[in-house]
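Following: one structure in structure tokens, then a few remarks.
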Amino acid sequence: MSAEPDGPEDRLRRFATIWSRAVFPVTSTSSTRPEFEARLLPLARRLSEALRARSFDADAGKEAGAALVAEHCTDPEALSRTLDCVDAYLVLYCGEDGDREDLRARSARLQHAMAAGFAQALRERTLAEQEAIAQAALEAQGVVAQALHATEARFRAVFEGAAIGIGIADLEGNVLQVNGALRRMFGLSEQGLRSRNVKDWVHPDDAPQTWRLYEELVSGEREHYHLEKAFHRPDGTVLWTNLTVSLLRDADGEPQYQLALMEDTTERRLLNLRLRYEATHDALTGLPNRTFFFERLEKALGAGEGQRFGLCYLDLDGFKTVNDSLGHAAGDRLLVEVADRLQACATAPGEMVARLGGDEFVALTTGPDTQRTVDELAARIMNALLAPISVDGRELTVRGSIGIVEGPAGERSAAEVLRSADITMYRAKSAGGNRFELADPEADARAITRHGLTTALPTALDRGEFFIEYQPLVHLGDGSVRGAEALVRWLHPQHGVLSPDRFIPLAEHTGLIVPLGRWVLEQSVRQAREWRDRHGGESLGPLRINVNLSPCQLTHPGLVQDTVEILERTGVAPDALCLEVTESALIGADDDLLKPLRRLAEMGVDIALDDFGTGYSNLANLRRLPVSVLKLDRSFTQSMQRFPADPVDLKIVEGIVSLAHSLDLAVTVEGVETGAQAEQLRILGCDTAQGWYYARPGPPDRLHELALVDATG
Ligand code: C2E
Ligand code: MG
Ligand code: MG
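Spelled out as structure tokens, the structure:
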């Protein structure tokens with residue numbers, strides 16, 4: 045496999061090529077496109093590394109944004125194209141085998157960081173330029189003053205040739221002279237400008253000190269001042285300038301004229317506004333985005349005494365189905381319509397709606413009375429979603445789940461509030477959706493532990509916090525130990541030993557189950573090998589090992605190969621391994637899903653149907669599945685604890701056992717806690733059993749002892 049056609053480096057280069065093609069036309073660089081691409085490549089590499097780094101850090105995005113400015117990509121279009129390109133291709137080309145959803149979230153955060161880095165670098169550059177201009181203006185003042193005192197001809201030359209706007213007025217504000225640059229900036233003739241008085245140029249956006257500085261200057265108390273100022277142009281547009289005004293004195297030192305030097309900053313300002321807009325608004329719906337929302341929420345939480353906030357966190361129910369069945373374009377149109385409706389719900393002062401990403405929206409209300417207003421806001425939102433939304437000629441019914449958090453300002457951080465809202469929204473969702481729920485500190489605390497466990501999971505595997513206990517599988521006929529089920533535990537540094545029910549669902553949700561499952565498989569198979577080495581010669585035959593598989597592991601493409609590799613590496617025969625899959629994971633499974641299991645079964649690996657009897661599988665279906673063992677769920681065993689056992693239950697178990705045997709399946713029972721149960725199950729024809737009656741799950745050596753006792757006893 046030496047000529048790998050499409051390695052990560054190739055894909056990274058391809059990403060850099062696409063990026064450079066998109067942005068090159070709007071740069072003002074003097075380099076060629078390939079040269080430009082070569083300079084984007086290290087940026088692409090940083091982004092790609094940040095995308096896949098173990099712990100995420102958005103700084104790479106900031107640096108890339110700043111680097112764009114350094115590469116003369118200062119046109120807003122360059123940023124816009126860059127963000128589009130990163131959005132569409134970064135995960136595709138650089139996100140190889142990570143969790144898609146996580147990668148998309150990281151990509152979005154990188155894009156935000158890039159926009160922020162770009163804006164900041166541009167601002168710094170602008171400031172540096174302004175500094176240079178102010179310096180030039182001061183020099184020009186000296187030159188102009190000299191010229192005024194010298195000859196008219198020299199004065200004219202300096203004046204007209206200047207690239208920045210220059211105007212001279214007397215101390216009453218009457219404009220005396222203006223140069224060409226200034227006329228062009230204002231779009232006025234010399235006459236038009238000269239008929240004006242400086243004091244007419246009041247603009248609503250004037251900084252508060254503007255006219256005080258002016259008065260100080262014309263009265264001779266100040267030599268010059270510098271500020272940003274807006275002017276009305278005759279065509280109704282606004283001119284923004286960097287304005288430096290200096291006092292000119294006559295030969296005796298008496299104030300005589302005022303000299304204004306102006307640089308047109310209108311475009312730069314628009315660019316900054318647009319950047320700010322792009323960095324704070326969602327491109328699809330035009331709603332404020334997460335960044336903007338956080339700013340507003342933080343402001344609301346920092347408001348003074350007596351002020352409160354109320355927040356509705358909305359997640360659409362079943363939006364994924366729309367995306368999956370009608371396509372992303374239809375999904376987008378639906379989101380736009382939802383955004384419009386939401387916006388109409390929050391129009392009062394102190395209210396806002398934002399899109400946090402995907403199908404998640406928030407509405408915020410602030411003021412002294414949010415206990416009332418937030419309920420009304422939530423009701424308006426639910427109401428707004430009632431009417432179906434028409435997309436591509438289909439009427440789609442949209443429902444949503446809302447988590448509400450309300451409280452006084454000054455107690456919690458924005459992140460805490462949002463997390464509580466998120467948790468509450470999930471509570472609304474798991475209660476069936478299409479409803480709103482109010483945040484509840486107790487429910488939050490429970491969920492936060494869950495949240496804490498989820499974030500601690502990935503490092504737990506690296507830190508070796510998981511361990512495996514083994515529970516013997518005993519032959520009901522002769523009481524001998526035939527093997528063991530591997531059951532994973534987590535020795536959590538704070539919470540102590542956690543049972544798999546606490547963390548397997550989280551690991552499934554985050555995708556960590558794949559590496560964790562692989563680890564369990566490898567450890568258990570090694571353990572089986574060790575038992576064989578120490579125990580192999582005895583009459584019982586090799587001890588078998590049962591390992592549980594989660595549904596997500598079934599769909600993972602590496603399952604067969606990983607298993608084969610582990611067996612080969614450890615030198616354990618496939619028929620010493622049994623993989624347990626729950627019945628529910630295989631209900632309705634199609635051939636694609638069954639294919640890996642079938643391949644493993646063909647190699648000789650046993651497949652057990654775990655927790656059998658808890659799902660609704662069609663018994664006739666069993667024939668289709670590549671399973672060789674049924675593991676009867678604990679509930680059957682439990683019903684046998686009563687004496688006499690329920691005759692109907694006995695009949696059911698008997699029926700299942702005989703059906704299983706007729707299909708050549710072995711039957712194992714779980715949860716055997718008493719000798720009476722064991723005896724009953726033996727009579728019913730079950731083959732092997734597992735349960736506290738024989739042994740609780742424990743360290744591997746215990747099993748060895750047990751098996752030896754059985755073998756000699
Ligand atoms: P399971 O595969 O059905 O495992 C049997 C469960 O029954 C184990 O719980 C075991 O400790 C418990 N048990 C055994 N004998 C008795 C008994 O006599 N009475 C009672 N009441 N319970 C008994 P555990 O260890 O808490 O595991 C729970 C579930 O977690 C397992 O159910 C399995 O589905 C899952 N699990 C455990 N380890 C792994 C793993 O490595 N990977 C995956 N994907 N799932 C695992
Ligand atoms: Mg099991
Ligand atoms: Mg089970």
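In terms of this note's numbering, the sequence shown opens at residue 45 and continues consecutively. All C-beta atoms, glycine included, are put in the ideal place defined by N, C-alpha and C. None of these values were measured; they are calculated from a predicted model.
Let me confirm a value: residue i is counted as buried when at least 16 other C-beta atoms fall within 10 Å, else exposed. Which label applies?
i      : result
Pro741 : buried
Tyr258 : buried
Trp255 : exposed
Lys273 : buried
Asn218 : exposed
Trp772 : Absent from the structure is residue 772, since the part of the chain shown begins at 45 and ends at 757.
Glu365 : Checking the displayed sequence, the identity of residue 365 turns out to be Thr instead of Glu. Looking at its Cβ environment, which holds fewer than 16 other Cβ atoms inside 10 Å, Thr365 is exposed.
Asn241 : exposed
Glu609 : exposed
Ala159 : buried
Ser583 : With a pLDDT of only 47 at Ser583, under the threshold of 50, the placement of this residue in the model should not be trusted; the figure read from the coordinates follows. Counting Cβ neighbours within 10 Å, Ser583 comes out exposed, since fewer than 16 surround it.
Phe511 : exposed
Asp103 : exposed
Val418 : buried
Lys106 : buried
Val541 : exposed
Gly109 : buried
Ile727 : exposed
Gly139 : buried
Thr499 : exposed
Glu758 : Past the boundaries of the shown model lies residue 758; the chain is included only from 45 to 757, so the question cannot be answered.
Comparing C-alpha positions only, which one of the options sits nearest to residue i?
i      : options                           : result
Leu341 : Val461, Gly602 and Glu265         : Val461
Ser464 : Arg494, Arg438 and Val435         : Arg494
Ala491 : Pro502, Glu627, Ala504 and Tyr470 : Tyr470
Val569 : Thr310, Leu603 and Arg613         : Arg613
Tyr738 : Cys730, Gln724, Leu728 and Glu714 : Glu714
Arg148 : Asp249, Thr118 and Ala94          : Ala94
Gly375 : Arg416, Ile433 and Ala344         : Ile433
Gly348 : Glu455, Leu400 and Val246         : Glu455
Ala398 : Gln351, Phe338 and Ala97          : Phe338
Gly657 : Leu630, Ala720 and Arg642         : Leu630
Val246 : Val282, Ala453 and Thr607         : Val282
Gln155 : Arg334, Arg83 and Ala645          : Arg334
Using the three-state DSSP reduction, which class does residue i fall into: helix, strand or coil?
i      : result
Ser583 : Any reading at Ser583 needs caution, since the residue's pLDDT is 47, under 50, leaving its predicted position unreliable; the model's value is listed next. Residue state, collapsed to three classes: coil.
Thr503 : helix
Trp563 : helix
Asp308 : strand
Ile512 : strand
Asp361 : strand
Met396 : strand
Gln734 : coil
Thr414 : helix
Asp146 : helix
Cys356 : strand
Pro120 : helix
Val608 : helix
Arg385 : helix
Arg240 : coil
His40  : Lying before the first or after the last residue shown, residue 40 is absent from the chain, which here runs from 45 to 757.
Arg55  : helix
Pro299 : strand
Pro741 : coil
Ile425 : helix
Arg340 : helix
Asp577 : helix
So with Cβ pairs under 7 Å, would you call residue i a contact of chain B?
i     : result
Ala94 : This model lacks chain B altogether; it includes just one protein chain.
- Query: If you pair each beta-carbon of the region 475 to 490 with each one of the region 439 to 457, do three or more pairs fall below 8 Å?
  - Reply: yes
- Query: Are the region 389 to 399 and the region 407 to 422 touching by the rule of at least three beta carbon pairs closer than 8 Å?
  - Reply: yes
- Query: Does the region 556 to 570 come close enough to the region 594 to 612 that 3 or more CB-CB pairs lie under 8 Å?
  - Reply: The region 594 to 612 vs the region 556 to 570: in contact.
- Closer than 5 Å is what we want: which residues have a beta carbon that near any heavy atom of ligand 2? List them in chain order. Asn592, Glu624 and Asp654
- Query: Quick check: the region 393 to 406 against the region 354 to 369, are there 3 or more CB pairs under 8 Å?
  - Reply: yes
- Is the number of C-beta pairs between the region 319 to 338 and the region 367 to 385 that are closer than 8 Å three or more? Touching, per the Cβ criterion.
- Sufficient close CB pairs (3 or more, under 8 Å) joining the region 640 to 654 to the region 678 to 689: no
- Message: Check whether the region 308 to 323 and the region 114 to 125 touch, using three or more Cβ-Cβ pairs below 8 Å as the test.
- Response: Enough Cβ pairs lie closer than 8 Å, so yes.
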